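One structure is given here, and the rest of the page talks about it.
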Amino acid sequence: MALLDIFKKSVSSESQADVLDSTEFENITLYSNNIPADLAETAARFGLNPKQLDFRILAYKTLYRKKDAPKYKELTLLEQEKFFTEENLRNPSLDITQKIKIEIFLRTKASKFPIKMAIGGNKSLTKIMMKIPEQNNIRYHEELYSELVAQIDIRKARLGLLIGFISQRAKEQIKSLISDIQVNAKVSKEYMISICEGLEPIDQNNGELILHYQEKKSDEEEHSELDRVDHGQRNFMHTVKEGELVIELRRFREGRHGRNCKGEVLKFDKMELSGDLEVKVSEDFRVEESDDISYYYALKNGFVYRTDDNHFEIRDELCVDEVSFRSTGSIEAGDDEQDIKINIETKDVLRDAIGQGVKIETSEVKTTGNMGSGAEVVAQKVEIGGQTHQSAKIIADDVTVHLHKGIIEGADVVHVNILENGKIEANKVYVEKLSGGEIVAKEVYLKEVLSNATVYAAEHIEIDILNGNGNKFIIDPKCKKDFKERVEKVEEDITRLREEIKKKTKKIKVLRRKIQNDQENINQINETVLSLKRHNTNVPVSLINKLKSNQENIKEHNSLLKELKDDKMVLEKLDSDLKELINAVFKAEVINHSVWKEFNEVKFKVVEPPVEVSHLFVDGEMSEKITIKTMEDGKYVLERKS
Numbered sequence: 002m003a004l005l006d007i008f009k010k011s012v013s014s015e016s017q018a019d020v021l022d023s024t025e026f027e028n029i030t031l032y033s034n035n036i037p038a039d040l041a042e043t044a045a046r047f048g049l050n051p052k053q054l055d056f057r058i059l060a061y062k063t064l065y066r067k068k069d070a071p072k073y074k075e076l077t078l079l080e081q082e083k084f085f086t087e088e089n090l091r092n093p094s095l096d097i098t099q100k101i102k103i104e105i106f107l108r109t110k111a112s113k114f115p116i117k118m119a120i121g122g123n124k125s126l127t128k129i130m131m132k133i134p135e136q137n138n139i140r141y142h143e144e145l146y147s148e149l150v151a152q153i154d155i156r157k158a159r160l161g162l163l164i165g166f167i168s169q170r171a172k173e174q175i176k177s178l179i180s181d182i183q184v185n186a187k188v189s190k191e192y193m194i195s196i197c198e199g200l201e202p203i204d205q206n207n208g209e210l211i212l213h214y215q216e217k218k219s220d221e222e223e224h225s226e227l228d229r230v231d232h233g234q235r236n237f238m239h240t241v242k243e244g245e246l247v248i249e250l251r252r253f254r255e256g257r258h259g260r261n262c263k264g265e266v267l268k269f270d271k272m273e274l275s276g277d278l279e280v281k282v283s284e285d286f287r288v289e290e291s292d293d294i295s296y297y298y299a300l301k302n303g304f305v306y307r308t309d310d311n312h313f314e315i316r317d318e319l320c321v322d323e324v325s326f327r328s329t330g331s332i333e334a335g336d337d338e339q340d341i342k343i344n345i346e347t348k349d350v351l352r353d354a355i356g357q358g359v360k361i362e363t364s365e366v367k368t369t370g371n372m373g374s375g376a377e378v379v380a381q382k383v384e385i386g387g388q389t390h391q392s393a394k395i396i397a398d399d400v401t402v403h404l405h406k407g408i409i410e411g412a413d414v415v416h417v418n419i420l421e422n423g424k425i426e427a428n429k430v431y432v433e434k435l436s437g438g439e440i441v442a443k444e445v446y447l448k449e450v451l452s453n454a455t456v457y458a459a460e461h462i463e464i465d466i467l468n469g470n471g472n473k474f475i476i477d478p479k480c481k482k483d484f485k486e487r488v489e490k491v492e493e494d495i496t497r498l499r500e501e502i503k504k505k506t507k508k509i510k511v512l513r514r515k516i517q518n519d520q521e522n523i524n525q526i527n528e529t530v531l532s533l534k535r536h537n538t539n540v541p542v543s544l545i546n547k548l549k550s551n552q553e554n555i556k557e558h559n560s561l562l563k564e565l566k567d568d569k570m571v572l573e574k575l576d577s578d579l580k581e582l583i584n585a586v587f588k589a590e591v592i593n594h595s596v597w598k599e600f601n602e603v604k605f606k607v608v609e610p611p612v613e614v615s616h617l618f619v620d621g622e623m624s625e626k627i628t629i630k631t632m633e634d635g636k637y638v639l640e641r642k643s
């Protein structure tokens, strides 16, 4: 509210200092279309301050004319409701004014209105509010409503606002205020009432194409101004989900003038027109249209493709020559609900198909080329036809790589032609040629092993040809990705169940003792009940209750016995599961279908107790299958079979 800060000034404008007792001033009646100016002129003529004058409205006329019309036309009260439509109020060629017949008089104590109020409006004067604060000692009388409405018009007229227009909602609020005064003889709460509402101008819209899919930011892009920007995460390829708002087309819309509560026209700013925007989309979009806006929603998951002539489509497969900071930026379409494939068909064998530092997150990635340094791929399925840099990382369920020097994590199955000093963590691993590096898996199958590799497996290591030395083949049940969590979960279940069994066993003993102690008394009660029934005598409720209590104890006892039996069976199964987890090492094996070379080591790790048993081979040893077993004295030894 900014209208002369009237909310702050209106009470002071009626302060006692502005009230005169003089009877020298004679009332003046005149027609005015600018009351503030006429009050000021009258005050100056009589050497008074305008605040010393007040006025009452005797009558008013609302007049209008079209631009260039010689005369104004008067609107009757009946015509006003039909005339003041949005169409007319926004018509800049209509001039609206009022002539108000007023009587100007000298303000006295008696003329002061009993209800304190303040009027304020927004900057454009399209919304005028009346604020009536809490106040005491207001005397109600039947004319108070009409007097307040008249006072509102006086306050509006003093500010040059159009009078006589109050909405039905405002009338109801005023009636509520008067009822408050009638019941309480005061204003019990603050009232804010809209006493005039004009129309703001509608801005011209020159047409706009909003590409919502480009405005999305990845988690890496959300950073403060003080953060260092990771340019490698910039994403030039954009993915969308089914149902997502992809494009918004706002067509050209002519602006419309407004009008404020003074009746003044509020003009809109005109803009230089641009050419019409046009969007063409494939059947991959659902279109919702209104007069001014078209919304385009994705009907499937995928990449958004845009041609030079604004034709858009959504594809679930991206084919590019390379993914790099320069060409595409990082690509993020990693969502369990999205099935988006990326094919990278590079023609330059010397250039990385997946460039340095970029990140790809999608459902499937396939390339005939290489992965550069610091590159990362997160997907369900990955095929790399070239080689991976030693700092490149793949996180996927199903991975196939020709020459692997980097890192593979979280996989279910991995197929590698040549593993050269790279690292693999997976469930099952198949390697054609192993030269250095590290494998951690549940099962490992190796065609040819050269030198200096370390292989960890939870259950199985199998070698077709061993042509090198310095390799370590280690059986460790903890290699399973979820081994620790599974053991902890089983141990927690065993601890909880043993506590339950302990509590139930104790409760069963208490119930059994009570049932046995009550048995003689229960027998006597049964005999008494039978005797009473034979003599057609009512059985006392106390005896029936004792029998019921005994039956409930027996029922609870039997139920607990059944639960205890079930719990013990579950505990037995959990103990068996824990033993199987811990003793899985005794089912594990290392198989070498060729002759052992010197300095190759096989090691088995027992979980409980923590014991390691190993053997360092010499040239020519013929142990095809190696397992671990427990001797009669409790010691662990490796069993080698040819």
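2 is the number of the first residue of the sequence shown in my numbering; add one for each residue after it. Note that beta-carbon positions come from the ideal geometry of N, C-alpha and C, so glycine has one too. The model shown is predicted, which means the values in this text are computed figures rather than measured ones.
When the options are compared against residue i, the one with the closest alpha-carbon
i	options	result
Leu246	Leu210, Arg140, Tyr192	Leu210
Asn138	Ile103, Ile155, Val188	Val188
Val638	Glu613, Lys563, Glu318	Glu613
Thr401	Leu451, Val415, His390, Leu447	Val415
Asp465	Val445, Pro478, Thr455	Val445
Leu435	Leu420, Lys424, Ala427, Asp204	Leu420
His239	Asn601, Leu319, Leu447, Ala60	Leu319
Ile133	Asn524, Asp181, Lys117	Lys117
Ile440	Ile408, Lys448, Asn468	Ile408
His405	Val321, Asn422, Gly411, Met131	Asn422
Asp413	Glu384, Lys443, Gln183	Lys443
Leu548	Asn537, Leu531, Pro611, His536	Leu531
Glu460	Val591, Glu191, Glu528, Gly199	Val591
Leu107	Pro611, Gly330, Leu54	Leu54
Ile36	Lys52, Gly259, Lys481	Lys52
Gln169	Glu82, Ile97, Tyr297, Leu562	Glu82
Phe484	Asp568, Leu561, His536, Glu581	Glu581
Val184	Leu212, Met193, Ile153, His142	His142
As assigned by DSSP and simplified to three states, the class of residue i
i	result
Ala458	strand
Asp220	Any reading at Asp220 must be qualified, since the residue scores a pLDDT of 41, below 50, and its modelled position is unreliable; the value itself is stated next. Correct three-state label for Asp220: helix.
Tyr61	strand
Leu210	strand
Gln152	helix
Tyr146	helix
Asp568	helix
Lys626	strand
Ser225	Residue confidence is low: Ser225 scores 37 on pLDDT, short of 50, so the model does not pin down where it sits. Its coordinate-derived value is still stated next. DSSP places Ser225 in coil when its eight states are reduced to three.
Ala352	The residue you asked about is not Ala; residue 352 is Arg in the sequence shown. Coil at Arg352, not helix or strand.
Gln391	coil
Phe85	coil
Val184	helix
Asp576	helix
Glu31	Residue identity differs from the one stated: residue 31 is Leu in this sequence, not Glu. Here Leu31 sits in strand by DSSP.
Ser331	coil
Lys424	strand
Ser168	coil
Arg91	coil
C-alpha distance - residue i paired with residue j, whole-angstrom precision
i	j	result
Ser374	Thr363	19 Å
Lys301	Glu500	53 Å
Asn207	Arg254	6 Å
Asn28	Glu148	20 Å
Lys124	Ser33	25 Å
Lys507	Lys588	40 Å
Lys448	Gly330	38 Å
Lys110	Arg91	43 Å
Val456	Lys473	6 Å
Leu126	Ile182	30 Å
Gly303	Phe286	12 Å
Whether residue i touches residue j by CB criterion (7 Å)
i	j	result
Gly437	Asn453	yes
Ala354	Ile345	yes
Val282	Phe313	yes
Val608	Ile629	no
Val305	Val359	no
Ile203	Gly256	yes
Gly469	Phe600	no
Ala380	Ala397	yes
- Those runs of the beta strand (DSSP E) which lie wholly inside the stretch 261-322 and span at least 3 residues: 286-290, 294-299, 303-307, 312-316, 318-321
- Item | Runs of beta strand (DSSP E) lying entirely within the stretch 356-383, each at least 3 residues, in chain order | Qualifying beta strand (DSSP E) stretches, in chain order: 360-362, 365-368, 377-379.
- Query: Could you give the uninterrupted runs of the beta strand (DSSP E) lying entirely in the stretch 587-617, keeping only those of 3 residues or more?
  - Reply: 590-593, 602-607, 612-617
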